[in-house]
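Have a look at the structure below before the remarks.
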Amino acid sequence: MLVIHNPDHARHAGRQEMFRGRLVPCHEVPARLDHVLAELQRRRFGRLEAAAPDAGLDALLARIHAPRYLRFLERAWDDWVALDPANAALDALPSVWPVRGFRADVEPDNFAARLGLYSFDAGTPLMAGSWRAARSGALTAAQAARAVASGKESSAFALTRPPGHHAGADFFGGYCFLNNAALAAQALREGGAARVAVLDVDYHHGNGTQSIFYERADVLTISIHGDPRTEYPFYLGHADERGAGAGEGCNLNLPLPRGTGFERWLEALDAAITAVRAFRADALVVPLGLDTFEGDPISGFRLKSAAYLRVGARLASLALPTVFCFEGGYAVAEVGVNAVNVLEGFESA
Ligand SMILES: [Zn+2]
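For the sequence shown, the working numbering gives the first residue as 42, with consecutive numbering after it.
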């Protein structure tokens, strides 16, 4: 399997995130990716390539993200420091948001207000290297998708962070800035796949991906995740969200209660696979979160490491050109083993 990795990921290394009234150390750390890379090398799995500059990236980004949001992200760090030179020693975290009844169409001059306009939580610190890391991450996903779309590769893994599936067309949050899986799906579409399925197996609902494709009939979005009544990101991910307009019927949410074990989770995966078949997808994108692991510090399912081999094998049963995008997974020491188990299970099936 081709593995494209993000050479700039460590430029994004948040110090603190807001959690229930206090600043706590970030869960989404560079070591996560390093552990996956080390495990790939230890097993001699996959052909590793670093993402390289690509002139087509900006056009692809503009198909998924709003121009004013991309402009905001690109300049965010400079604007944060311009607000107060002392900010250079701090990560940027939002503290004010436009909820119902406020206007989102007017972009405020005040940077703190823009930070809130383009985000939905205070858990996603932004720093000097965040844009570069996220942009190279988008490149990673695009290149993995193009290698698969061209037919040169039957599958590829975009090994990148920060993750992407919580990022919407014009907002960041949940540790995500640019939606790598959505970009991969779009790249597959533009590479010739008429219908693409995105099957998100991260513990958390893929709210960004759902919202990006909600009214499109050419991309089926499916997410298996902790029930949003109790689990982050809380405000989206219910079973009655089925898509809208042309996309009616093209979104499937499979929420499961906190504490769910592998056998019940696997039933949900089989339901998802049935839906991908019924959609007659030409290609598959898997936002690969490993925070369904029993040892994950911020999640609540109970999958064991060996289960991930079976997850990979089940995904392979679809026999589709497939792009995996690295998402969550915060049991840092185990995330490499769990991620590579999925890939190995997929390739051995
Ligand atoms: Zn997650």
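C-beta atoms are modelled at their ideal positions from N, C-alpha and C, and glycine is treated no differently.
Contacts around residue i, its chain only, beta-carbon distance under 7 Å, and the 5 residues preceding and following it disregarded
i, result
"ILE105", "ALA210, ASN220, ALA223, LEU224, GLN227 and ILE253"
"ALA287", "GLU256, ARG257 and ALA258"
"ALA434", "Because residue 434 is not part of the residues shown, which for the chain are 42 to 390, the question remains open."
"GLU335", "ARG343, LEU344 and LYS345"
"GLY278", "HIS246, ASN248, SER264, HIS266, PRO269, ASN294 and PRO296"
"LEU98", "ALA179, LEU180 and ALA183"
Coarse secondary structure for residue i, derived from DSSP in three states
i, result
"PHE113", "helix"
"PHE275", "coil"
"HIS50", "helix"
"GLU58", "strand"
"ILE45", "strand"
"PHE30", "Outside the modelled stretch of the chain, which goes from 42 to 390, sits residue 30, for which no answer is possible."
"LEU78", "helix"
"SER264", "strand"
"ALA91", "strand"
"LEU329", "strand"
"VAL429", "This structure does not reach residue 429, given that the chain is present from 42 up to 390, and the question cannot be answered."
"PRO66", "strand"
"LEU101", "helix"
"PHE334", "strand"
"ALA285", "coil"
"ALA374", "helix"
"ALA127", "helix"
beta-carbon residue i near ligand 1 non-hydrogen atom, thresh 7 Å
i, result
"GLY164", "no"
"GLU80", "no"
"HIS245", "yes"
"GLY205", "no"
"ASP332", "yes"
"GLY369", "yes"
Proximal residues to residue i (C-beta, below 6 Å), its chain only, five neighbours per side dropped
i, result
"PRO149", "ARG155"
"ALA319", "none"
"TYR349", "ASN379, ASN382 and VAL383"
"PRO298", "ASP268"
Cβ-based neighbour list, residue i, same chain, cut-off 8 Å, excluding 5 preceding and 5 following
i, result
"TYR110", "TYR159, ALA210, ASP211 and PHE212"
"PRO338", "HIS68, TYR371 and ALA372"
"ALA407", "Residue 407 cannot be examined here, being either before or after the span of the chain that is shown, 42 to 390."
"CYS217", "THR165, PRO203, PRO204, GLY205, HIS206, HIS207, ALA208 and GLY249"
DSSP beta-bridge partners of residue i
i, result
"ARG144", "For ARG144, which the question treats as bridged, DSSP gives no partner whatsoever."
"ALA324", "VAL237"
"LEU295", "ILE265"
"LEU344", "PHE334"
Would you mind listing the alpha helix (DSSP H) stretches within the segment 153 to 194 that are 4+ residues and don't spill past its ends, in chain order?
-> 171 to 190
Every unbroken beta strand (DSSP E) inside the segment 297 to 321 [3 residues or more] | none
Could you name each continuous alpha helix (DSSP H) segment of 4 residues or more that falls completely within the segment 196 to 253, going from the start of the chain to the end?
-> 221 to 231
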